[in-house]
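Inspection log for the structure reproduced underneath, given as structure tokens.
There are 2 protein chains.
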Amino acid sequence: MAYQIISNITTKNIPMAERLYREIGESIKQEIAKSSLKIGDKLPTERVYAELFGVSRTLVREAFIMLEIEELIEVRKGSGSYLKNNLSLKTSHKVSDVGPFELLQARQEIESSIAACAAPVITKQDLQKLQDILDIESAELETVEKANDADRDFHLSIAQATQNTVLLDTATRLWDMRDGNPMWKKLHARIQDTSYHDQWLDDHKKVLIQLRKRNAEGARQAMWQHLENVKQTLFKLSDTDAPDFDGYLFAQPHN
Amino acid sequence: MAYQIISNITTKNIPMAERLYREIGESIKQEIAKSSLKIGDKLPTERVYAELFGVSRTLVREAFIMLEIEELIEVRKGSGSYLKNNLSLKTSHKVSDVGPFELLQARQEIESSIAACAAPVITKQDLQKLQDILDIESAELETVEKANDADRDFHLSIAQATQNTVLLDTATRLWDMRDGNPMWKKLHARIQDTSYHDQWLDDHKKVLIQLRKRNAEGARQAMWQHLENVKQTLFKLSDTDAPDFDGYLFAQPHN
DNA sequence: AACATAATTTTGGCATACCAATATTCAAAT
DNA sequence: ATTTGAATATTGGTATGCCAAAATTATGTT
Chain A
1 MAYQIISNIT TKNIPMAERL YREIGESIKQ EIAKSSLKIG DKLPTERVYA
51 ELFGVSRTLV REAFIMLEIE ELIEVRKGSG SYLKNNLSLK TSHKVSDVGP
101 FELLQARQEI ESSIAACAAP VITKQDLQKL QDILDIESAE LETVEKANDA
151 DRDFHLSIAQ ATQNTVLLDT ATRLWDMRDG NPMWKKLHAR IQDTSYHDQW
201 LDDHKKVLIQ LRKRNAEGAR QAMWQHLENV KQTLFKLSDT DAPDFDGYLF
251 AQPHN
Chain R
1 MAYQIISNIT TKNIPMAERL YREIGESIKQ EIAKSSLKIG DKLPTERVYA
51 ELFGVSRTLV REAFIMLEIE ELIEVRKGSG SYLKNNLSLK TSHKVSDVGP
101 FELLQARQEI ESSIAACAAP VITKQDLQKL QDILDIESAE LETVEKANDA
151 DRDFHLSIAQ ATQNTVLLDT ATRLWDMRDG NPMWKKLHAR IQDTSYHDQW
201 LDDHKKVLIQ LRKRNAEGAR QAMWQHLENV KQTLFKLSDT DAPDFDGYLF
251 AQPHN
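Here the protein sequences line up with chains A and R, keeping their order. Just so we're aligned, residue 1 is where the first sequence starts under full-length UniProt numbering, counting upward by one. Just so we're aligned, residue 1 is where the second sequence starts under full-length UniProt numbering, counting upward by one.
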């Protein structure tokens with residue numbers, strides 16, 4: 001049967017045994033990109049794609065659900081499926097493809113703005129929560145994982161404090177990119193037994209102080225400096241003995 | 001044709017009967033919440049849920065795909081499905097849920113930073129492209145759609161010029177949120193016959209001038225002012241006669 | 001008792017078949 | 001010629017059944 005051949009080929013070419021519906025979904029995205037459909041336009045039917053890819057309609061249907069959850073299409077019973085959003089970058093960039101330093105640069109710019117936005121509107125509850133996280137960071141340095149969780153929690157809590165869901169969403173996305181990035185994990189693993197954590201903890205304290213004062217520009221500067229420190233530290237680490245990171249060091253600190 | 005209009009109205013105002021798999025998916029989320037499973041724990045099998053909800057396994061399977069796309073669970077063939085993330089911290093919003101002004105605020109902060117990042121590293125080709133887009137914007141004001149496309153193109157080209165994929169990815173995401181937002185479409189539709197476009201075109205020119213000078217802070221300020229103008233304009237428009245926008249006007253300009 | 005391995009069960013993967021809602025076509029009535 | 005409405009076709013919705021991978025259990029060997 002034809003679909004078995006396809007299945008075998010794909011499982012050979014792609015290392016990770018992805019679920020087939022994902023492949024179909026990605027293929028459909030490519031087809032959409034090629035045909036350059038406009039928002040609102042009607043997509044080919046499930047049956048058409050099924051025949052095109054040589055799979056059952058069930059799989060195409062599952063792929064459609066994936067695209068629907070991603071808010072790329074809208075499915076209407078008895079009518080068809082329609083383009084809802086531009087697919088743009090949703091397909092092209094995998095988290096594993098971004099360099100740690102371009103991610104850091106983006107975080108430096110965006111998170112310092114977020115800190116500035118949070119300062120005027122932050123609540124006492126938010127400030128207390130940040131203090132609690134700082135206490136955890138001060139006391140508990142057991143595992144790298146725990147420290148990382150607290151770190152993430154601190155930064156995202158500030159984003160939460162802006163009361164702007166878009167900013168929170170953006171920050172969360174950046175941290176997801178970070179935590180899912182293999183290169184960053186490698187870099188991060190090297191820091192676990194150094195004293196850089198103390199430096200960063202101190203940075204966090206400075207940020208919180210500015211937030212307490214509701215000083216927007218002070219918070220922006222404190223967060224910017226914190227991420228500058230992180231950037232410098234990681235740059236040194238990658239500079240000393242890391243031939244592995246060749247090609248991932250674009251967008252290095254340039255200040 | 002008359003029924004088309006009716007069809008459009010119903011699809012916009014009256015939420016289409018949700019697809020069953022969504023209901024099942026939400027129910028499963030509730031079940032997970034009740035049973036308070038930990039990350040990594042194994043979920044009940046598809047067959048169990050099928051019997052529990054009195055539906056076929058196909059539907060449960062589709063619901064599982066939904067949860068998998070939402071990165072809430074992980075599905076392993078022959079083994080089972082496992083909790084991947086805690087649903088309490090799930091901050092995934094629908095684009096349609098964000099208010100135009102919180103989106104604008106986020107864009108103002110992030111895009112002005114992006115402009116600043118682009119200034120030192122922008123290439124001559126990028127500058128030429130921006131000039132071309134400006135020419136298009138100056139000449140061709142035929143349709144709102146075309147103008148919007150050019151606008152998007154201008155802003156995203158600057159993000160592209162940063163040579164930072166994360167920043168480009170972020171900016172693209174923000175514009176996708178904008179273009180997919182029904183409230184923004186309503187607001188935007190009101191501007192089509194005003195002269196605000198000239199104002200914004202002038203803003204764009206100012207941004208380009210700063211980019212040409214490779215003046216980071218100048219570009220940041222120009223972009224910030226541009227989006228400030230947009231914010232003010234849209235705020236006036238929504239203020240005058242727009243009872244529809246109640247509840248969407250949080251995160252208003254506060255400068 | 002231990003380990004290895006074969007048989008069995010469990011579990012998700014995928015396809016087929018039929019159902020229901022929507023859209024289209026076409027013929028009959030005016 | 002237009003309108004109406006029933007017949008038909010199209011399209012997504014759902015259920016059932018069988019397949020393959022993984023996990024488990026049973027069994028045999030040392």
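A virtual CB, placed ideally from N, CA and C, is assigned to each residue, including glycine. Note that the structure is predicted; figures quoted are calculated from it, not measured.
Close to R/Q105, with beta-carbon spacing below 9 Å, are these residues of chain A in chain order: C117, T162, N164, V166 and L167. Counting only runs that start and end inside the UniProt domain "HTH gntR-type" (18-86) of chain R, the beta strand (DSSP E) elements of at least 3 residues fall at 73-76 and 80-83. Rounded to the nearest angstrom, the gap between the Cα atoms of R/Q105 and R/K231 is 8 Å. For A/K124, the enclosing alpha helix (DSSP H) begins and ends at K124 to A139.
One Cα belongs to A/K186, the other to A/S112, and the distance between them is close to 25 Å. With respect to A/R152, A/W175 sits close: the two C-beta atoms are nearer than 7 Å.
For R/A119 and R/G54, the gap between their C-alpha atoms comes out near 60 Å.
In the structure shown, R/R214 falls within a coil segment according to DSSP collapsed to helix, strand and coil. Annotation for A/T172: the continuous alpha helix (DSSP H) segment containing it runs T165 to D179. Per the Cβ contact rule, the segment 54-65 of chain R is in contact with the segment 19-26 of chain R (3 or more Cβ pairs under 8 Å).
Contacts between A/V98 and chain R, judged by CB atoms closer than 7 Å, involve T165 and V166 in chain order.
About 13 Å separates the beta carbon of A/L72 from that of A/G40, a gap too long to meet the 8 Å contact definition. Distance from the CA atom of A/K42 to the CA atom of A/V75, rounded to whole angstroms, is 10 Å. Proximity of R/M66 to chain A, defined by a Cβ-Cβ separation below 7 Å, is satisfied. In the displayed model, A/R152 falls within a helix according to three-state DSSP. Contact annotation: the segment 123-140 of chain A does not touch the segment 217-226 of chain A, with fewer than three C-beta pairs closer than 8 Å.
By the neighbour-count criterion, in which a residue is buried when 16 or more other Cβ atoms sit within 10 angstroms of its Cβ, A/R61 is buried. Counting C-beta atoms within 10 angstroms of its own C-beta, R/I32 has 16 or more neighbours from the protein chains shown and is therefore classed as buried.
Exclusion of the five residues before and after A/A216 leaves A116, A119 and P120 as the residues of its chain whose Cβ lies within less than 7 Å of its Cβ. When C-alpha distances from R/R178 are compared across R/S81, R/F101 and R/V48, the shortest belongs to R/F101.
Looking from the CA of R/N85, the closest CA among R/S79, R/L37, R/V207 and R/I65 belongs to R/L37. Between R/I28 and R/L67 a beta carbon distance of about 7 Å is seen, short of the 8 Å cut, so the two are scored as contacting.
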